[in-house]
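**Q**
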Amino acid sequence: MTETEKIPLIAVVGPTASGKTSLGVMLAQKYQGEVVSADSMQIYTGLDIATAKPTEAERQGIVHHLIGCVPMDASFSVADYLQLAKSVIVDIYARGKLPILVGGTGLYVSSLLSNVQLAETRQDLALRQELAAYAKENGNDALHRRLAALDPQAAEEIHPNNLVRVIRALEVCMSSGKTFTACKAESHLVPSNYRSLVIGLMYEDRAVLYERINARVDEMVQNGLVEEAYAVYQNASIRTAYHAIGYKELIPYFENKASLTACINKIKQETRHYAKRQLTWFRKNDQIQWIILSRFDKKTEIMEKCQKIIAKTKFMCYNID
Numbered sequence: 005m006t007e008t009e010k011i012p013l014i015a016v017v018g019p020t021a022s023g024k025t026s027l028g029v030m031l032a033q034k035y036q037g038e039v040v041s042a043d044s045m046q047i048y049t050g051l052d053i054a055t056a057k058p059t060e061a062e063r064q065g066i067v068h069h070l071i072g073c074v075p076m077d078a079s080f081s082v083a084d085y086l087q088l089a090k091s092v093i094v095d096i097y098a099r100g101k102l103p104i105l106v107g108g109t110g111l112y113v114s115s116l117l118s119n120v121q122l123a124e125t126r127q128d129l130a131l132r133q134e135l136a137a138y139a140k141e142n143g144n145d146a147l148h149r150r151l152a153a154l155d156p157q158a159a160e161e162i163h164p165n166n167l168v169r170v171i172r173a174l175e176v177c178m179s180s181g182k183t184f185t186a187c188k189a190e191s192h193l194v195p196s197n198y199r200s201l202v203i204g205l206m207y208e209d210r211a212v213l214y215e216r217i218n219a220r221v222d223e224m225v226q227n228g229l230v231e232e233a234y235a236v237y238q239n240a241s242i243r244t245a246y247h248a249i250g251y252k253e254l255i256p257y258f259e260n261k262a263s264l265t266a267c268i269n270k271i272k273q274e275t276r277h278y279a280k281r282q283l284t285w286f287r288k289n290d291q292i293q294w295i296i297l298s299r300f301d302k303k304t305e306i307m308e309k310c311q312k313i314i315a316k317t318k319f320m321c322y323n324i325d
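At position 180 of the sequence shown the residue is numbered 184 (the numbering used here), and the sequence of numbers has no breaks.
#1: For the structure I just gave you, are there three or more beta carbon pairs, one from the segment 129 to 138 and one from the segment 209 to 224, closer than 8 Å?
#2: Taking the alpha-carbon positions, what's the I314 to V40 distance?
#3: Looking at C-alpha atoms only, which residue of E253, Q226, V225, N227 is the closest neighbour of Y237?
#4: In terms of residue numbering, what span does the alpha helix (DSSP H) encompassing I296 cover?
#5: Note down, in chain order, each residue of its chain lying with its Cβ closer than 8 Å to the Cβ of Q146, except the 5 sequence neighbours on either side.
#6: Mapping DSSP to helix, strand and coil, what is A89?
#7: Looking only at its chain, what residues have a beta carbon closer than 6 Å to the beta carbon of Y257, apart from the 5 residues adjacent to it on each side?
#8: Check V221 in the structure and name its three-state DSSP category.
#9: Quick one: what does DSSP say S241 is sitting in, helix, strand or coil?
#10: Under a three-way DSSP split, which group does M206 fall into?
#11: Am I right that Y48 and T244 are in contact with their C-beta atoms under 8 Å? What's the rounded C-beta distance?
#12: Is it true that the segment 147 to 157 meets the segment 76 to 90, where meeting means three or more beta-carbon pairs spaced less than 8 Å apart?
#13: According to DSSP, is S196 helix, strand or coil?
#14: With a cut-off of 8 Å, do at least 3 Cβ pairs link the segment 277 to 287 to the segment 17 to 26?
#15: Within the same chain, show all residues whose beta-carbon is closer than 8 Å to that of K303, passing over the 5 residues directly before and after it, in chain order.
#16: Since D77 and I242 should fall inside the 8 Å C-beta cutoff, what is the C-beta to C-beta distance between them, to a whole number of angstroms?
#17: Rounded to whole angstroms, what's the CA-CA distance from L167 to E141? Just pull it up for me.
#18: Give, in chain order, every unbroken run of the alpha helix (DSSP H) that is at least 4 residues long and sits entirely within the segment 244 to 288.
#19: Taking the beta carbon of P58 as the centre, do at least 16 other beta carbons fall within 10 Å, making it buried, or is it exposed?
#20: Verify whether the separation of the beta carbon atoms of P103 and E38 is less than 8 Å.
#21: Beta-carbon within less than 7 Å of V115's beta-carbon, same chain only, minus the 5 sequence neighbours each way: which residues are those?
#22: Would you kindly work out how many angstroms separate the C-alpha atoms of L111 and Y198, rounded to a whole number?
#23: Within the same chain, show all residues whose beta-carbon is closer than 6 Å to that of K272, passing over the 5 residues directly before and after it, in chain order.
#24: What residues match up with G349 in a beta bridge as DSSP calls it?
#25: Where do the N-terminal and C-terminal ends of the beta strand (DSSP E) with L13 fall, by residue?
#26: Just to confirm before moving on: does the CB-CB distance between L151 and V170 stay below 8 Å?
#27: Using DSSP with H/G/I as helix, E/B as strand and the rest coil, what is V67?
#28: To the nearest angstrom, how far is it from the Cα of I14 to the Cα of V194?
#29: Thinking just about the alpha-carbon of each residue, which of E9, Q36, I53 is nearest to the one in Y251?
#30: Looking at C-alpha atoms only, which residue of E9, L51, K10, G204 is the closest neighbour of E232?
Pasting the structure below:
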């Protein structure tokens with residue numbers, strides 16, 4: 005596939021509360037686009053407030069895909085996301101629209117844009133539970149040493165306390181007969197289907213971002229976050245929410261083990277930590293065109309900066325004028 009045959013796509017990435025939704029909508033309005041969400045929690049039905057799903061008013065009539073389309077009690081993997089996103093993007097482009105990827109789940113974005121071919125290893129829940137139990141009994145370092153014995157390079161790249169990735173790497177090694185490193189290398193052999201421009205949003209002063217995060221959490225509480233979280237808490241079958249910030253932090257309040265104020269402060273803290281991890285992930289991508297938000301006073305100025313980036317990079321053979 006030549007460059008001119010690839011599907012043009014704009015991606016808007018960055019930490020939570022940086023204004024990705026707003027910019028995605030403005031780009032869609034300007035360039036006749038539709039938004040494809042790249043958020044691992046917004047994809048579930050019913051998890052609305054804590055995941056900051058864009059409201060109808062915020063969408064401003066722009067079609068948004070992959071939001072609230074998976075039952076909250078369903079298992080959903082990166083592979084599932086890639087299958088859905090690729091299909092949606094092809095459909096958008098076939099209708100003469102520009103796909104605009106918007107979201108802060110770095111793994112979703114990078115896997116899609118680089119056309120990662122995931123290893124065909126079945127998910128072994130029993131094995132995962134066994135490995136998790138081993139770590140709980142013997143410590144994360146002990147489980148990490150098991151990975152080091154099977155795949156030294158993967159062990160060097162994955163921190164012992166990143167239990168999810170350590171378990172996944174071991175699962176791949178034990179299920180496929182190949183090292184996790186080898187499977188990862190094989191996953192990047194197929195060229196991307198997209199001619200992408202990635203725009204990143206960030207603040208020069210991280211304290212400004214943290215203030216925005218704190219304010220957003222307060223707004224979520226006013227909009228019914230606690231009530232939504234309690235409804236989820238009462239449904240024991242819904243385990244997905246236990247991975248989403250804004251739900252699990254309120255459990256101590258529901259169980260009369262902590263005050264509401266303490267739990268809300270915990271949500272703010274965990275969200276700030278998450279934003280920091282997002283920035284760390286995206287900063288590794290030297291293809292991102294960063295916009296420093298503190299240098300602009302209005303949303304229209306940010307949009308003008310995007311247009312200059314598009315013109316400067318001579319992005320795509322798609323009619324965007």
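We treat Cβ as the ideally placed atom computed from N, Cα and C, and that holds for glycine.
**A** In this structure, then:
#1: No, the segment 129 to 138 is not in contact with the segment 209 to 224.
#2: Numbered from 1 along the sequence shown, position 310 holds the residue referred to as residue 314. Numbered from 1 along the sequence shown, position 36 holds the residue referred to as residue 40. When rounded, the distance between both Cα atoms is 19 Å.
#3: Position 233 of the sequence shown, counting from 1, holds the residue named residue 237. Among E253, Q226, V225, N227, the Cα nearest to that of Y237 is on E253.
#4: For this step, residue 296 is matched to residue 292 along the sequence shown. Per DSSP, I296 belongs to no alpha helix (DSSP H); it is in the beta strand (DSSP E), 293 to 296.
#5: The residue given as residue 146 occupies position 142 in the sequence shown. Note on identity: in this sequence residue 146 is Ala, with Gln being the wrong assignment. Result list for A146: Y138, A139, in chain order.
#6: For this step, residue 89 is matched to residue 85 along the sequence shown. DSSP places A89 in helix when its eight states are reduced to three.
#7: In the sequence shown, counting from the first residue as 1, residue 257 sits at position 253. Apart from the 5 residues on each side of it in sequence, Y257 sits with its Cβ closer than 6 Å to the Cβ of L264, C267 in its chain, given in chain order.
#8: For this step, residue 221 is matched to residue 217 along the sequence shown. Looking at V221 - three-state DSSP - the assignment turns out to be helix.
#9: Locating residue 241 in the sequence shown gives position 237, where the first residue counts as 1. Coil at S241, not helix or strand.
#10: If you number the sequence shown from 1, residue 206 lands on position 202. In the structure shown, M206 falls within a strand segment according to DSSP collapsed to helix, strand and coil.
#11: Position 44 of the sequence shown holds residue 48. Position 240 of the sequence shown holds residue 244. That belief holds up - the Cβ atoms of Y48 and T244 are roughly 6 Å apart, short of 8 Å.
#12: Below 8 Å, too few C-beta pairs join the segment 147 to 157 and the segment 76 to 90 to call them touching: fewer than three.
#13: Locating residue 196 in the sequence shown gives position 192, counting from the first residue. S196 falls in the coil class under three-state DSSP.
#14: The segment 277 to 287 vs the segment 17 to 26: in contact.
#15: To locate residue 303, count along the sequence shown from 1; it is residue 299. G23, S26, L27, M30.
#16: Locating residue 77 in the sequence shown gives position 73, where the first residue counts as 1. Locating residue 242 in the sequence shown gives position 238, where the first residue counts as 1. Contact holds; Cβ gap of about 5 Å.
#17: For the purposes of this step, residue 167 is taken as the residue at position 163 of the sequence shown. For the purposes of this step, residue 141 is taken as the residue at position 137 of the sequence shown. C-alpha separation (whole angstroms): 13 Å.
#18: Counting only runs of 4 or more, we get 255 to 258, 264 to 287.
#19: Translated into the one-based positions of the sequence shown, residue 58 becomes position 54. Buried, since its Cβ has 16 or more Cβ neighbours within 10 Å.
#20: For the purposes of this step, residue 103 is taken as residue 99 along the sequence shown, with counting starting at 1. For the purposes of this step, residue 38 is taken as residue 34 along the sequence shown, with counting starting at 1. Yes, they are a contact pair.
#21: By one-based count along the sequence shown, residue 115 stands at place 111. Reading off the sequence, residue 115 comes out as Ser, not Val. Spatial neighbours of S115 in its own chain (CB-CB distance under 7 Å, excluding positions within 5 residues in sequence) are listed in chain order as V82, L86.
#22: The residue you call residue 111 lines up with position 107 of the sequence shown. The residue you call residue 198 lines up with position 194 of the sequence shown. Roughly 17 Å separates the two Cα atoms.
#23: Working through the sequence shown from its first residue, we reach residue 272 at position 268. Cβ within range, chain order: N218, V221.
#24: Coverage of the chain is limited to positions 5 through 325, which leaves residue 349 absent and any answer about it impossible.
#25: Here residue 13 corresponds to residue number 9 of the sequence shown, with the count starting at 1. Note, L13: beta strand (DSSP E), 11 to 17.
#26: Locating residue 151 in the sequence shown gives position 147, where the first residue counts as 1. Locating residue 170 in the sequence shown gives position 166, where the first residue counts as 1. Cβ distance < 8 Å, so L151 and V170 count as in contact.
#27: The residue labelled residue 67 in the question sits at position 63 within the sequence shown. In this structure, V67 counts as coil in the three-state DSSP scheme.
#28: As a first step, residue 14 must be located in the sequence shown, where it is residue number 10. As a first step, residue 194 must be located in the sequence shown, where it is residue number 190. Rounded to whole angstroms, the gap between the alpha carbons of I14 and V194 is 20 Å.
#29: Here residue 251 refers to the residue found at position 247 of the sequence shown. When each option's Cα is compared against that of Y251, the closest is I53.
#30: Within the sequence shown, the letter at position 228 stands for residue 232. The shortest C-alpha separation from E232 is found at L51.
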